[in-house]
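Heads up, the sequence shown is in the numbering used here, so the first residue is 26 and it goes up one at a time.
Glycine included, each C-beta is placed from N, C-alpha and C at the ideal position.
Predicted, not measured: the structure shown is a model, and the values here were computed from it.
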Amino acid sequence: MMRIASSGVPARWRSPRVFPAYTPTLNLRRASSIQSGHISVNKGEALLFINNIFPSRLQWLLGNPLDGSWSYEEALKRINRPHFAASEPIHIIQRALPDKMPLEIKEVIPRTKEGGAFVKYSHVSNVSDIEIENAIKKHLRQNPIRPWFNPFQGVHVSRVLGKPWIEDLYRIPSQRLRVEFLPTSPESSAAELTIENLYSLLRPYGKLQEIEPQPSDSKTSPRYAHVEFSRLRYAVMARNCLHGFTIPEEHGGGKAGTKFKIIYERKIKLSMIKDWIFSHPRIVIPALAALIAAISVTVFDPMRTFFIKMKIKATLPTEDSEFLHWIRQQISKANIIYFGNRRADPRGLSAIWEDRQGDISQLQSWLQENVETFIVVHGPRGSGKRELVLDNVLKDYKHKVVIDCKQIQDARGDTAKIARAAQQVGYRPVFSWMNSISSFIDLASQGMIGTKAGLSETLDSQLSNIWQSTATALRKVGLEGRKLDDKDIHLSDDEYLEAHPERRPVVIIDNYLHNAEENSVVYDKITEWAAGLTTEYIAHVIFLTTDVSFAKPLSKALPNQVLRVIPMGDCSLDVGRKFVLNLLAYESSMETGSEKVKNVDNMKDLDNCIEVLGGRVSDLEFMAHRIEAGETPKAAVNRIIEQSASEILKIFILGSDNESRHWTREQAWHLIKALGHSEDGTLPYNQILTSDLFKENGEAILLALEQAELIAISATNGFPHTVKPAKPVYRTAFKRVAENKALSSRLDLSILSQLLKKENSAITKHEEELAVLGALPKQPRELHPRIYWLLEKIYKSQDKIGQYETESAVLQKNLKSGN
26 MMRIASSGVP
36 ARWRSPRVFP
46 AYTPTLNLRR
56 ASSIQSGHIS
66 VNKGEALLFI
76 NNIFPSRLQW
86 LLGNPLDGSW
96 SYEEALKRIN
106 RPHFAASEPI
116 HIIQRALPDK
126 MPLEIKEVIP
136 RTKEGGAFVK
146 YSHVSNVSDI
156 EIENAIKKHL
166 RQNPIRPWFN
176 PFQGVHVSRV
186 LGKPWIEDLY
196 RIPSQRLRVE
206 FLPTSPESSA
216 AELTIENLYS
226 LLRPYGKLQE
236 IEPQPSDSKT
246 SPRYAHVEFS
256 RLRYAVMARN
266 CLHGFTIPEE
276 HGGGKAGTKF
286 KIIYERKIKL
296 SMIKDWIFSH
306 PRIVIPALAA
316 LIAAISVTVF
326 DPMRTFFIKM
336 KIKATLPTED
346 SEFLHWIRQQ
356 ISKANIIYFG
366 NRRADPRGLS
376 AIWEDRQGDI
386 SQLQSWLQEN
396 VETFIVVHGP
406 RGSGKRELVL
416 DNVLKDYKHK
426 VVIDCKQIQD
436 ARGDTAKIAR
446 AAQQVGYRPV
456 FSWMNSISSF
466 IDLASQGMIG
476 TKAGLSETLD
486 SQLSNIWQST
496 ATALRKVGLE
506 GRKLDDKDIH
516 LSDDEYLEAH
526 PERRPVVIID
536 NYLHNAEENS
546 VVYDKITEWA
556 AGLTTEYIAH
566 VIFLTTDVSF
576 AKPLSKALPN
586 QVLRVIPMGD
596 CSLDVGRKFV
606 LNLLAYESSM
616 ETGSEKVKNV
626 DNMKDLDNCI
636 EVLGGRVSDL
646 EFMAHRIEAG
656 ETPKAAVNRI
666 IEQSASEILK
676 IFILGSDNES
686 RHWTREQAWH
696 LIKALGHSED
706 GTLPYNQILT
716 SDLFKENGEA
726 ILLALEQAEL
736 IAISATNGFP
746 HTVKPAKPVY
756 RTAFKRVAEN
766 KALSSRLDLS
776 ILSQLLKKEN
786 SAITKHEEEL
796 AVLGALPKQP
806 RELHPRIYWL
816 LEKIYKSQDK
826 IGQYETESAV
836 LQKNLKSGN
């Protein structure tokens, strides 16, 4: 077991050396000095500071030197030969002292973070401290010591003149010192030393680089000066030897003397950088925004373009792979497993596509022509627009991208819209969540410097970035087929794309104008972008929409071009019948292996049911599925009618009126009842506009109801002619809703109440004008026609009021009786 000395440190730190007439005791002590902050020096004792005995710059390998641990000393315990290459601090100190030095080592206080140690010694009275210092320095010049961790710099020793401060604070030594001038007592004053005085005091410890006195106009107290040494070890030596030293009057310290307080000061402090950044937001924040933008353009934009290209060419590898095609054929022949569609027409749509071969051929021919315009496929929901374009027209096209506006528009918030738009085209990485954070930064920036930093991007700018990257990817895809031996290699890229429309990718914009608002950023940007694709010959653009007002925004984007439109209406009864039978035959064969239609003998009323549903593909498909589930055609149609009636009541009748709706429930009910009782299911357009409910802004109301898919307006020679239900099944649904006597009486009563208010308001207005005319002193002859006209208007309005009140009384009686 290691023997402990009386001072509380291991006995191994005692010096094995014995000087003549002296027995020095070498103890490495620290705890008492750290706790008190100073080294107690009695009479006859003095201090030396020896540097370069600890690897101060390598302490991080062994542990943090600032946490108060003995990491280096503990590591030396694991070395079998610690004296090798001057590795042990005590061994270095012993070698630094001459053999015949008349002194006794009392204590050694290590300073590991500064790479040195304080040595307290006592000596006889006939030997001065200066003589001891000179003897040690002479000895080191003759016998230099170079530790293993710093072989290019030797060990140096200096006498401690002041009262060193022993601390274990987190203060890293540096070449730059702050020398403060303090008074020796509270009642005295300190003198500010000149540069010459500071130089003469500090130069003995090493080469100086700069001495910066405190500015004369500075109000900082106490006064100070900055001193910078050429090397770190010089600054460490000066700080430990002169801290607390009192400068006498002959060296510029004044009559009462001036005390030195020396602390380390970093050349560049992190706090200075932070203060500069916060003090110059007008420079830092725009520079940061520019840096982020540069990184985004340089690093992320090429990545995003690459991912968009992969999205556009997503089907190319599997379709062109001969190996996968051979595997599919072999497994299909062996009946091991099924790949792809068992039949070419799983939904039974072949009958519909046969009827629409003209539209399919027309679309395919347009894609081969070099015309700068949009292609629009317009039709109601469920008419098969998407299937027509993707499954028939573009089935052989390898490069296409589908953008579903419904998913983008239905997203809540700008961040979600950006993420959905990026997902549609494969734009990634997208940092949509950063938009919210950067918005707060912009808000803070506006409060600090008065302007936004430009870190956050609006929905407009973010969508522009997404569509611009997509246009770049589309252009690269269209140019990938060029070869050096092509006959038109002399053409530029733009001329090549213009001359080869078959090479351009196809962009399908589905659900265009879905849930559109007056100022929709999404549709404004996508329309502008699509116009650029078309006019620059980058891609063909096909719009799929149910909105009847598509021509206005598209014509605005391409004002000098005529849109190419394919209308998608309901199919004929014969085609609808074939569609249902084909679908039933397919589903039956999937279950029984037979092409025979199930329950075909029980579907004698199938034609009547198809006539009720009309040619809407979605309704016919729903009916076929219900029949396949075991229902009769009549029951399946009845289910569709009930569902449609419920939708009509919920959306147009029972729903509360709000500002977003451009019609009232009374106006919707008037059309539902009139179309339900109509013999042919149509109403003249002008007849509706002349009715009392639609006299004010009637055309806008009918257009809004058409957008909401309650009615459809048919045109003749470009002019509105008739109004019919939006879906064929709505005709029967309107009739069924109108047959509800209680609901009909209540809504009719509401209409009469509205008409009564309107007529009473008209009478009041006419009476006010008559009162003004009657107040005139004379009645000129020229006013008689006006007076008669007003009286006639009042008479007609009152006659209508009488009729309305009579009808209201009957309706109220029916409601009370429960009929």
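* Asked: Is DSSP giving residue 206 helix, strand or coil here?
  -> strand
* To do: State buried or exposed for residue 637, treating a residue as buried only when at least 16 other CB atoms are found within 10 Å of its CB.
  => Counting Cβ neighbours within 10 Å, residue 637 comes out buried, since at least 16 surround it.
* **residue 710 classed as buried or exposed, judged by whether at least 16 other C-beta atoms fall within 10 angstroms** => buried
* Asked: Taking the Cβ atom as the reference point for each residue, do residue 533 and residue 569 lie within a distance shorter than 8 Å?
  -> yes
* So which of 496, 492, 123, 255 has the shortest CA-CA distance to residue 156? -> 123
* Asked: Between 133, 69, 491, 207, which lies nearest to residue 78 when the distance is taken from Cα to Cα?
  -> 133
* To do: Would you mind reading off the limits of the alpha helix (DSSP H) that contains residue 329?
  => 326-337
* N-terminal and C-terminal residue of the beta strand (DSSP E) that residue 249 is part of -> 249-254
* **residue 195, buried or exposed, once every other Cβ within 10 Å from all chains shown has been counted against 16** => exposed
* To do: Verify whether the separation of the beta carbon atoms of residue 566 and residue 337 is less than 8 Å.
  => Residue 337 sits away from residue 566, with the two beta carbons spaced by 8 Å or more.
* C-alpha distance - residue 689 paired with residue 304, whole-angstrom precision -> Looking at the two C-alpha atoms, the distance is approximately 60 Å.
* Residue from 553, 200, 763, 417 with nearest C-alpha to residue 847 -> Beyond the ends of the chain as shown, which are 26 and 844, falls residue 847; an answer cannot be given.
* Please name the residue in 170, 69, 530, 339 whose C-alpha comes closest to that of residue 118. => 170
* To do: State the CB to CB distance for the pair residue 254 and residue 223, rounded to an integer number of angstroms; the pair is presumed to be in contact (CB under 8 Å).
  => Rounded, the Cβ-Cβ distance is 12 Å, inconsistent with contact.
* **Limits of the beta strand (DSSP E) - the one that residue 146 falls within** => 141-148
* To do: Take residue 737 as the anchor and find which of 129, 61, 697, 221 has the nearest alpha-carbon.
  => 697
* the region 808-822 / the region 779-791 touching (three or more Cβ pairs under 8 Å) -> yes
* Run of the beta strand (DSSP E) containing residue 569, from where it starts to where it stops -> 565-570
* To do: Spell out a yes or no on whether the region 204-212 and the region 277-289 are touching, meaning 3 or more CB-CB pairs, one atom from each, closer than 8 Å.
  => yes
* To do: Just tell me which of 180, 176, 384, 175 has its CA closest to the CA of residue 167.
  => Relative to the Cα of residue 167, the nearest Cα in the group 180, 176, 384, 175 belongs to 180.
* **Any non-hydrogen atom of the ligand FMN closer than 7 Å to residue 426 Cβ** => The ligand FMN is not part of the structure shown, which contains no ligands of any sort.
* When you compare only the Cα positions, how much space is there between residue 495 and residue 448? -> Rounded to whole angstroms, the gap between the alpha carbons of residue 495 and residue 448 is 12 Å.
* Name, in chain order, the residues that DSSP records as bridge partners for residue 136. => 141
* Asked: Just reading off the alpha helix (DSSP H) that residue 796 is part of, what are its end residues?
  -> 766-799
* With DSSP run on the structure shown, which of helix, strand or coil describes residue 637? -> helix
* Determine the direct distance from the alpha carbon of residue 522 to that of residue 514, and round the result to whole angstroms. => 12 Å
* Of the listed residues 427, 590, 826, nearest to residue 777 (C-alpha basis) -> Selection 427, 590, 826 evaluated against residue 777 yields 826 as nearest (Cα-Cα).
* Residue interval of the alpha helix (DSSP H) (run including residue 178) -> From DSSP, residue 178 is part of no alpha helix (DSSP H); its letter is neither H nor E.
* Any idea what DSSP makes of residue 578, helix, strand or coil? -> helix
* To do: Can you tell me which of the three DSSP states residue 809 falls into?
  => Look at residue 809 here: in three-state DSSP terms it is helix.
* chain C within 8 Å of residue 824, Cβ atoms only -> Any reference to chain C falls outside this structure, which holds one protein chain only.
* **Environment of residue 773 [buried if 16+ CB atoms lie within 10 Å]** => buried
* Asked: What is the rounded straight-line gap between the Cα of residue 423 and the Cα of residue 595?
  -> 30 Å
* Asked: How many angstroms separate the CA atom of residue 411 from the CA atom of residue 766?
  -> For the pair residue 411 and residue 766, the Cα-to-Cα distance works out to about 41 Å.
* Cβ-based neighbour list, residue 524, same chain, cut-off 7 Å, excluding 5 preceding and 5 following -> 513, 516
* Asked: Expressed to the nearest angstrom, what Euclidean distance is found between the alpha-carbon atoms of residue 751 and residue 545?
  -> Cα-Cα distance, rounded: 25 Å.
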